[in-house]
Amino acid sequence: MARYGMVMDMRRCIGCHACEVACKVENKVPLGVWRTQVRYFEKGKYPNTRRYFFLHICDQCSKPACVEASRNNGVGAFYQTEDGVVLIDLKKLTQGRTKKQIETEVQAAIEACHAEAIFVDPITGLPGKCTFCYHRLQAGLVPACVQTCVGRARVFGDFDDPNSEVSRLAAQHPARAMHPSEDADVGVVYLYQEGNLMDGGAMPGFRQIDPQDFETGKLSLNTSPSWRPPRPGRFGTGE
Amino acid sequence: MELTRRNFVKLGLTAGTTLAVEDSLGLFARAMEMKLGGDGRLVDPSEDLTKGRRYDKVVPYTCLACNIEDGGLAYIKNGRIEKLEGNPKHPSTRGRLCPKGNAGLYHVYDPDRILYPLRRTGPRGSGQWKRVSWDEAISEVAERIVEVLDKGHPNEIMLKWGRNRIGGALVRFMHTLGSNTIINHTSICESSKKIGMEPTWGPDIETPDFAKSKYIINFGSNILEAAYFHNPYSQRIMEGFAESGTKLVTFDVRLSNTAGRSHEWFPIFPGTDGIIALAMGNVILQEGLADEEFINDWTNVTVQELKEHYRQFTPEDAERASKGPFGDKGGISRHDIVRIAREFASVKPYCTTYSYRGPCKHAYGSYNEKCQMMLNILVGSVESKGGYCLPRGMGYKQPEPVPPPGHEPSYLSAPPHYPLATHKVSHLVPFWIKEGRQKVKIYFTYCDNPVYTNPGAEAVWGELVRDESLIPFFVSFSPFMSETTRYADIILPNAVYLERYEPESMPSSLWPWLGARQPVVKPMGEAQEVRWTLKRIIDKVDPDGKRGMKKYWNFSSPEDYIRQQFEGIPGLKDVGGWEFIKKHGVWPIYGELNPATGKISDALGFEIKAEYGLHKKELSRADMRGARVDRRTGTIYKKGKPIGVRIKGKNYVGFGTPTRKIHVKVEEWEKYGFNPLPVWKQEPWLADMKPDEMVLTTFKWNVHTQSRTASIKWLAEIVHSNPAWINADTARKKGIKDGDLIRITSGVGYMVTKARLTEGIHPRVVAVSTACGHWAYGRLAQLKLKESQPFWSKGQRIPVPAKPGVGQDPDLKNVWWNDRGVHPNMIIPAIADPIGGSQAWYSTVVKVEKARPGDRYGDVKADPDKHYEFFKMGERYAYTGDLHRKMHPEVKINWEKLPKPELKIGH
Chain A
1 MARYGMVMDM
11 RRCIGCHACE
21 VACKVENKVP
31 LGVWRTQVRY
41 FEKGKYPNTR
51 RYFFLHICDQ
61 CSKPACVEAS
71 RNNGVGAFYQ
81 TEDGVVLIDL
91 KKLTQGRTKK
101 QIETEVQAAI
111 EACHAEAIFV
121 DPITGLPGKC
131 TFCYHRLQAG
141 LVPACVQTCV
151 GRARVFGDFD
161 DPNSEVSRLA
171 AQHPARAMHP
181 SEDADVGVVY
191 LYQEGNLMDG
201 GAMPGFRQID
211 PQDFETGKLS
221 LNTSPSWRPP
231 RPGRFGTGE
Chain B
240 MELTRRNFVK
250 LGLTAGTTLA
260 VEDSLGLFAR
270 AMEMKLGGDG
280 RLVDPSEDLT
290 KGRRYDKVVP
300 YTCLACNIED
310 GGLAYIKNGR
320 IEKLEGNPKH
330 PSTRGRLCPK
340 GNAGLYHVYD
350 PDRILYPLRR
360 TGPRGSGQWK
370 RVSWDEAISE
380 VAERIVEVLD
390 KGHPNEIMLK
400 WGRNRIGGAL
410 VRFMHTLGSN
420 TIINHTSICE
430 SSKKIGMEPT
440 WGPDIETPDF
450 AKSKYIINFG
460 SNILEAAYFH
470 NPYSQRIMEG
480 FAESGTKLVT
490 FDVRLSNTAG
500 RSHEWFPIFP
510 GTDGIIALAM
520 GNVILQEGLA
530 DEEFINDWTN
540 VTVQELKEHY
550 RQFTPEDAER
560 ASKGPFGDKG
570 GISRHDIVRI
580 AREFASVKPY
590 CTTYSYRGPC
600 KHAYGSYNEK
610 CQMMLNILVG
620 SVESKGGYCL
630 PRGMGYKQPE
640 PVPPPGHEPS
650 YLSAPPHYPL
660 ATHKVSHLVP
670 FWIKEGRQKV
680 KIYFTYCDNP
690 VYTNPGAEAV
700 WGELVRDESL
710 IPFFVSFSPF
720 MSETTRYADI
730 ILPNAVYLER
740 YEPESMPSSL
750 WPWLGARQPV
760 VKPMGEAQEV
770 RWTLKRIIDK
780 VDPDGKRGMK
790 KYWNFSSPED
800 YIRQQFEGIP
810 GLKDVGGWEF
820 IKKHGVWPIY
830 GELNPATGKI
840 SDALGFEIKA
850 EYGLHKKELS
860 RADMRGARVD
870 RRTGTIYKKG
880 KPIGVRIKGK
890 NYVGFGTPTR
900 KIHVKVEEWE
910 KYGFNPLPVW
920 KQEPWLADMK
930 PDEMVLTTFK
940 WNVHTQSRTA
950 SIKWLAEIVH
960 SNPAWINADT
970 ARKKGIKDGD
980 LIRITSGVGY
990 MVTKARLTEG
1000 IHPRVVAVST
1010 ACGHWAYGRL
1020 AQLKLKESQP
1030 FWSKGQRIPV
1040 PAKPGVGQDP
1050 DLKNVWWNDR
1060 GVHPNMIIPA
1070 IADPIGGSQA
1080 WYSTVVKVEK
1090 ARPGDRYGDV
1100 KADPDKHYEF
1110 FKMGERYAYT
1120 GDLHRKMHPE
1130 VKINWEKLPK
1140 PELKIGH
């Protein structure tokens, strides 16, 4: 059985947003919500300043909290395929169900997700999330974001195959999951990611998708006010 | 030895022949078990989300969202572009597109696009238009042309383009009419870079071998975001990072993505790149780290001469300059200069510089460019693996017969007081027209928006095109209403780049290629590609061929035109000519994109090899027959033309210079009183700054071009505003907080914008992006989404019904931002490099303060008369000006006998 996964080789990310735009076009994702996103962070005091990128995307967790929440609060429209991809069965979610029932299930899934990778599509009113472009996988194609990745930072493959490029990269380089609570079987692995940026609570961009955050400058798709490491003790609090 | 997988692969790679066995064992890395796209499938959201479905067809094209010219594939369903992807057959871009390229289909489906010819009905710029037929519009244009022609001065017809990638048709049109008044946009772009390079080694650009380089010194280039050639070069720099251990050192006033991803970033004072490069060169020469054989053999100077010349440029002086006139924090220390010079030379020839295009955008930018180029010449990394290589281009043809240039010289096209600026000085044209140096009766604008993109903006170009006595008739080919096109008298809407035929080639990697655009869908509405529009105009001007013009436009269709351009090209001919390019998008096809490596592989699965040392190709016996060798220089001449150079008994093709060697010393420059050797000159207005002043610079974002992308919804979502970057310390001293309204005042005007405090900028610099702040582009760029769709866009076939107030894209009601930015160009004066003619974008002296009472966000005011004064001041530095000699006390020539300014046909 395959375990589809993505390696984010942050040595090679140029922050160009090609992945983000390719995803929006491929999956017709409306403005204001994202399946994947490039975020920028500046670190350090002038003139010792550096810029880091972070690629936000659904982790495709091994034991997805959204799937469990959806089962506990509805009909279990969120499910995980045998090859590890978390998808939403929209027919199951909507057919013969009241608006309230749908909302309850979706809201539970959204709240359960540590990455806030699930959103409500403002045009259809239905939930959306990264599917690893499952329609493309079935046709033998890598996800759209991987296909267009200019720096070749996004690499896609099968973690169950020890000879795959994703397995090799994850084994041979400093690699970690986005969230400290994730186990080894996560679907998205980051290489050389500036660690503090990702730990819960320390990274403002950890939270997903309130466009208001972009307006206030709390979050930025291009740059953000200079970021400083959090005080010790705030790590992992998820605040 | 234990046969681990790693060992096995290593063995296999050295053996090579065991490849087939290995592959069958599946031991090669299988990065993307799946293919990198290209099979023409998609999801249909109306169906189950997890089912793939085939497209109707896939059409190859060449991107023109910006000017990098990536290879692309358009996926078409029901006559509509659903998705754009990179063309995996393209040797430079290897199947990948940047964000602008990915968003390219919105150029076609922009709900504000002009779909029909328009005639102005109210006063200029009033926004009152009526739809007219193509026939009416073309007849009117032809009549106006005939009027001018019949008075005998075809030069009074001016054409100025911004992005001309249509394969020669615009020049053909102008020469057919007999006019030489052909203006480009290169002086607001990179002209002084070209002028810094061309006399030295021939071509106007370099193609560094980044992937194989060990050390890259980047002078002011934001190559990971914009610049030539962003996508293919970014790919290769990242490849270098991950696979070759490439080190990247960046000099930039601002922390761009490139600077932010470099191993070292030195925030230097604007324009001091030149002196830093010279000081490094000095270290390399004095410490014996130069490739002395290369210098002595291949250049027109000796090592000894260079050592003596370079001695004056000390690391101490460079350190001082790099911090700026007030010794600010940042810059580069003398120790770092010495260290980096040594590091760079220690890996020669696997090292290169890059400079597109910060250093050259100063009043003496040509010198800056030359200085940084010299580092490669000093260490002999020119045309070496991992080094600073010549561009590899490929040509297509101009269909015969080709019209000759007009008879009269054009002042605007070849200004006599800028004789070395062979890429023209386009941004000074409005002043020259105003002063009556040349008359213009008709102005054609093509893919250009000077009222937005040029220094002075509305206060310079706006002043010109608003004035009907200066521009009596103004025609635009633009498919979009813009700051410039809104002043047109007639609009003849072009097809956008995905709807038209154009030949293409760019030296964007070490593998030369030919490609093309072709309509992946039919043009929307009545849009018509400009080649055809031009032909129709000529047909009207010269209906019976009596004017001798018709014969130059012997094409039965736009496709027929491009077919003629690809006819008879050796190699391409054998595989089918145009039909091959039409099918594959690009030629030659060097190999297959290897999904495991992201590189183009040969039949055995290894990366294709590049060719190096182009200058060392030896001339054949046939070449040498009847040739003559100049004994002093070694230059080989045939029929009076230099064809190569003899070095140590071998006959090489050499470089594209008159002696076929590298001209470190450029005598042509000395003739006009410029220093023929690499030197650094600082703009006096920067040297004489006052302590409370700052320097305004501008920059590009990775998701935007100069002016064509602010209405592309996916790109605008990422970057839609452009607050002024200001160093946090500087801001604190001025009492400015993040997000505060500030007033930036230059010598010509002021703007009110927001401050963005950052640790990523030199303390004496304020930086404002030019991407945002449109005042007359699409509704999205201006955030005027409540306005109804303009009538000229109606009738588009879009699969979703229009909703009132938001045009025809229902997604536009999800626009969540409310800041469109403030554009800075109006307060930037127009000043030209006296050598290369480039606009000095990065040396505007300003004052920055908190906004005054009554200032509102978005206020921009500039005085046209002040702009004129600055223009006059800038001309004093031209070789004919009174400040020229003062700037060049070291040049020992007979200053009384400078050549007289001459009106010439050409450039």
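Quick note, the sequences are listed as chains A and B, same order.
Take the numbering used here: the last position of the first sequence gets the number 239, and nothing is skipped along the way.
Take the numbering used here: the last position of the second sequence gets the number 1146, and nothing is skipped along the way.
C-beta: ideal position from N, C-alpha, C; glycine also.
Treat the numbers as computed from the prediction; the structure is a model and nothing was measured.
Status (buried if at least 16 other CB within 10 Å, exposed otherwise) for residue i
i, result
"A/Gly205", "For A/Gly205, the pLDDT reaches just 42, beneath the cut-off of 50, and the residue's location in the model is therefore unreliable, leaving the point undetermined."
"A/Leu93", "buried"
"A/Met1", "exposed"
"B/Pro362", "exposed"
"A/Asn48", "exposed"
"B/Glu395", "buried"
"B/Leu288", "The predicted model places B/Leu288 with a pLDDT of 44, which falls under 50 and marks its position as unreliable; any figure quoted below should be read in that light. Flag for B/Leu288 reads buried."
"B/Lys290", "Summary for B/Lys290: the model assigns pLDDT 48, below 50, so the residue's position carries little reliability; its value from the coordinates is reported in the next sentence. Flag for B/Lys290 reads exposed."
"A/Asp158", "buried"
"A/Met203", "Only weak support is given to the placement of A/Met203: the predicted model assigns it a pLDDT of 44, under 50, and the value that follows is read from those uncertain coordinates. That one is buried."
"B/Val1039", "Here B/Val1039 scores only 42 on pLDDT, less than 50, and its place in the model is too uncertain to base an answer on."
Sheet register partners of residue i (DSSP bridge)
i, result
"B/Ile377", "DSSP, once it has assigned bridges, lists no residue as partnering B/Ile377."
"B/Gly988", "B/Ala1101"
"B/Asn890", "B/Arg885"
"A/Glu194", "None, per the DSSP bridge assignment."
"B/Ile839", "B/Leu832"
"B/Asp799", "Paired residue(s): none; B/Asp799 is not in a bridge."
"B/Thr592", "B/Ile456"
"B/Val1007", "B/Thr937"
"A/Gln37", "A/His56"
Residue j beta carbon less than 7 Å from that of residue i
i, j, result
"B/Ile182", "B/Pro644", "For residue 182 of chain B there is no data in the structure shown, the boundaries of chain B being 240 and 1146."
"B/Ala994", "B/Trp940", "no"
"B/Gly343", "B/Cys686", "no"
"B/Leu463", "B/Thr489", "no"
"B/Arg802", "B/Trp826", "no"
"B/Lys1086", "B/Thr984", "yes"
"B/Pro330", "B/Ile839", "yes"
"B/Glu850", "B/Asn890", "no"
Bounding residues of the alpha helix (DSSP H) (the contiguous stretch that carries residue i)
i, result
"B/Leu1051", "Careful: B/Leu1051 lies outside any alpha helix (DSSP H) and carries neither H nor E."
"A/Tyr4", "Unbroken run through A/Tyr4 is the beta strand (DSSP E), 4-9; no alpha helix (DSSP H)."
"B/Glu674", "Note, B/Glu674: premise wrong, no alpha helix (DSSP H); not H, not E."
"B/Arg770", "769-780"
"B/Trp964", "Counting along the chain, B/Trp964 falls outside any alpha helix (DSSP H), though it belongs to the beta strand (DSSP E) covering 963-966."
"B/Asp556", "554-562"
"B/Glu608", "604-618"
"A/Ile88", "Segment 86-88 is the beta strand (DSSP E) holding A/Ile88; no alpha helix (DSSP H) there."
"B/His469", "469-478"
Among the options, the one whose alpha carbon lies nearest that of residue i
i, options, result
"B/Arg971", "B/Asn306, B/Val987, B/Thr997", "B/Thr997"
"B/Trp1055", "A/Val25, A/Gly32, A/Lys28", "A/Gly32"
"B/Asn1053", "A/Val75, A/Trp34, A/Ile14", "A/Trp34"
"B/Asp931", "B/Asp977, B/Ser452, B/Tyr989, B/Arg1003", "B/Arg1003"
"B/Ser652", "B/Thr420, B/Lys399, B/Pro797", "B/Thr420"
"B/Arg725", "B/Arg860, B/Tyr1016, B/Met1065", "B/Tyr1016"
Endpoints, beta strand (DSSP E) assigned at residue i
i, result
"B/Leu323", "319-325"
"A/Asp158", "154-158"
"A/His56", "50-57"
"B/Glu741", "741-743"
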